[in-house]
Amino acid sequence: MKRILVVYYSQTGQLERIVRSVTAPFEHNAEVQVDTLQLRPAKAYPFPWPFVGFFDQFPECVRLDPAPLAPFQLPQESIEQGYDLVILGYQPWYLSPSPPTTAFLQSPLAARLLNNTPVVTVIGCRNMWIMGQERVREMVRAAGGKLVDNIALVDGGSPYETFITTPVWLLTGRKHFLPGVFTAAGVAERDISGAAHFGQQLLAGLLDGRLQRGESVLDALQACPVNPSYVVSEKMGWRSFWIWSWIVRLAGKQGSPLRVPLLACYALFLGLAIALVVPLTLVARFVLGYVPAYRRWLASQVAYYQREPALVRQ
Ligand SMILES: Cc1cc2nc3c(=O)[nH]c(=O)nc-3n(C[C@H](O)[C@H](O)[C@H](O)COP(=O)(O)O)c2cc1C
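My numbering applies: residue 15 is where the sequence shown begins, and numbers increase by one.
The structure is reproduced here in structure tokens:
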């Protein structure tokens with residue numbers, strides 16, 4: 015009997031549905047026992063998000079400050095026996111793991127459950143996950159786990175559509191904004207149900223021992239395709255978040271009214287950066303596309319983020 019642990023946090027339920035789809039093949043297999051640990055913040059996040067509250071999250075997300083969680087509900091016996099595989103479902107917030115995910119990964123329980131155990135991450139997000147996955151990879155490694163595979167599902171709309179539809183969804187709760195003009199926000203239904211295919215491969219890899227040996231079983235399946243145009247944007251975006259998070263935190267803790275003017279400056283900066291820097295980077299990317307050294311560097315980055323799990327720098 016193989017034992018797997020499924021850990022996830024989901025605010026709207028989207029990631030929960032993705033994780034259920036991935037793990038469906040395990041649920042119907044008599045050789046596997048599945049335990050589920052749903053992470054619950056001690057104080058639930060509001061949905062839809064209030065405008066200031068939404069921006070007020072970013073400094074703590076980027077600095078990997080854990081959100082206090084409700085007590086973990088997992089049988090002591092299971093904790094003592096350990097698991098053959100941990101599936102960790104999470105979503106990036108501000109190019110970083112969401113705070114409940116960070117809290118789990120930094121907890122003594124994670125150090126116990128992940129130690130010397132293969133870990134597969136499952137991401138559901140708008141489309142920018144590579145920097146967050148780097149942080150998760152570091153925390154999994156710090157907890158003693160072996161990251162072997164990653165599944166990343168992104169929103170169905172184009173980057174330009176989701177630039178509008180994702181904030182509208184998160185700030186108003188409306189998933190279908192201007193139907194007929196924009197694709198609905200969130201990961202497409204066919205991608206969610208199609209994720210069961212990855213689960214079947216994971217099950218095969220669990221039963222024949224490849225996952226325990228640290229071998230990727232999803233490598234050939236494009237389970238986490240990387241859009242090359244996001245590599246530089248995510249690196250630049252994450253650096254700006256890092257600097258701004260330091261500035262905003264000078265004004266106090268999350269919720270402090272003193273942070274509001276700084277958050278407004280940051281929102282203005284973000285708007286200007288998008289209006290000015292994004293077109294400039296489009297031009298720069300076009301020009302750099304003719305520079306062989308840049309093309310080689312970008313190709314190596316894409317290969318790294320697509321295959322990064324166990325093999326590259328662990
Ligand atoms: C505060 C916040 C920040 C977010 N930042 C990102 C991000 O950096 N990259 C991204 O692709 N999606 C981002 N998203 C979208 C989430 O990753 C995710 O798709 C959405 O919140 C739904 O997930 P759920 O299953 O928890 O409901 C963000 C969402 C929230 C609430």
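Cβ atoms here follow ideal geometry from the backbone N, Cα and C, with glycine treated the same way.
For Gly138, DSSP records a beta bridge to Leu167. Gly200 places its beta carbon less than 7 Å from that of Lys189.
Taking Ser259 as the centre and dropping the five residues before and after it, the same chain places the C-beta of Pro73, Val76, Arg77 closer than 6 Å to its C-beta, in chain order.
In its chain, beyond the 5 residues on either side, Pro113, Thr116, Ala117, Gln120 have a beta carbon closer than 7 Å to the beta carbon of Pro80.
If you look at Asp205, you'll find it in the alpha helix (DSSP H) that goes 203-208. For the pair Ala281 and Phe68, the CB atoms are not nearer than the 7 Å cut-off. By the neighbour-count definition (other C-beta atoms within 10 Å, threshold 16), Asp163 is a buried residue.
With respect to Gly146, Pro111 sits close: the two C-beta atoms are nearer than 7 Å.
Comparing alpha-carbon positions, the option among Leu277, Gly159, Leu235 lying closest to Ile165 turns out to be Leu235. Per DSSP, Thr176 is one residue of the alpha helix (DSSP H) stretching across 173-186. If you ignore the 5 residues before and after Gly213, its C-beta comes within less than 8 Å of the C-beta of Ser35, Val36, Thr37, Ala38, Pro39, Phe40, all in its own chain and listed in chain order. The nearest non-hydrogen atom of ligand 1 is 6 Å or more from the C-beta of Leu123.
Contact between the segment 145-160 and the segment 305-318 is absent: fewer than three C-beta pairs spanning the two stretches fall below 8 Å. For Ser110, the three-state secondary structure derived from DSSP is strand.
Straight across, the Cα-Cα distance linking Pro85 with Pro64 is about 27 Å. Scanning the segment 243-302 from its first residue to its last, the whole alpha helix (DSSP H) runs of 4-plus residues come out as 273-286, 292-302. By the criterion of a C-beta distance shorter than 8 Å, Asn141 is surrounded in its chain by Val168, Asp169, Pro173, Thr176, Asn241, Tyr244, once the five residues flanking it on both sides are discounted.
For Asn164, the shortest C-beta to heavy atom distance toward ligand 1 is 6 Å or greater. When secondary structure is reduced to three states using DSSP, Val20 falls in the strand class. Nearest to Val154 by C-alpha distance, out of Ala317, Glu91, Leu127, is Leu127. Within the same chain, Phe118, Ala157 come within 6 Å of Ala124 by CB-CB distance, once the 5 residues on both sides are set aside. Excluding residues up to 5 positions away in sequence, Val66 lie with their Cβ nearer than 7 Å to the Cβ of Val274 in the same chain.
Per DSSP, Gly146 has no beta bridge partner at all.
Sequence-distant partners of Arg17 (beyond 5 residues in either direction) whose C-beta falls short of 6 Å from its own C-beta, in its chain, are Gln47, Tyr97, Asp98.
Annotated three-state conformation of Pro39 is helix, per DSSP. Apart from sequence neighbours up to five positions away, the residues of its chain that approach Gln25 with a beta-carbon distance below 7 Å are Tyr59, Phe61, ordered along the chain.
Ranked by how close their Cα comes to the Cα of Leu29, the residues Val136, Ala56, Leu272 have Val136 in first place.
Within the same chain, Leu167 come within 6 Å of Asp205 by CB-CB distance, once the 5 residues on both sides are set aside. Residue pairing by DSSP leaves Gly158 without any beta bridge partner. For Arg140, the Cβ falls inside the 6 Å cut-off from some heavy atom of ligand 1. Of the residues assessed, Ile288 falls on the exposed side of the cut-off, its CB having fewer than 16 other CB atoms within 10 angstroms.
Residues Gly170 of the same chain have their beta carbon placed closer than 7 Å to that of Ala202, with the five preceding and five following residues left out of the count. Considering only Gln71, Val292, Arg321, the residue with the shortest C-alpha distance to Asp233 is Arg321.
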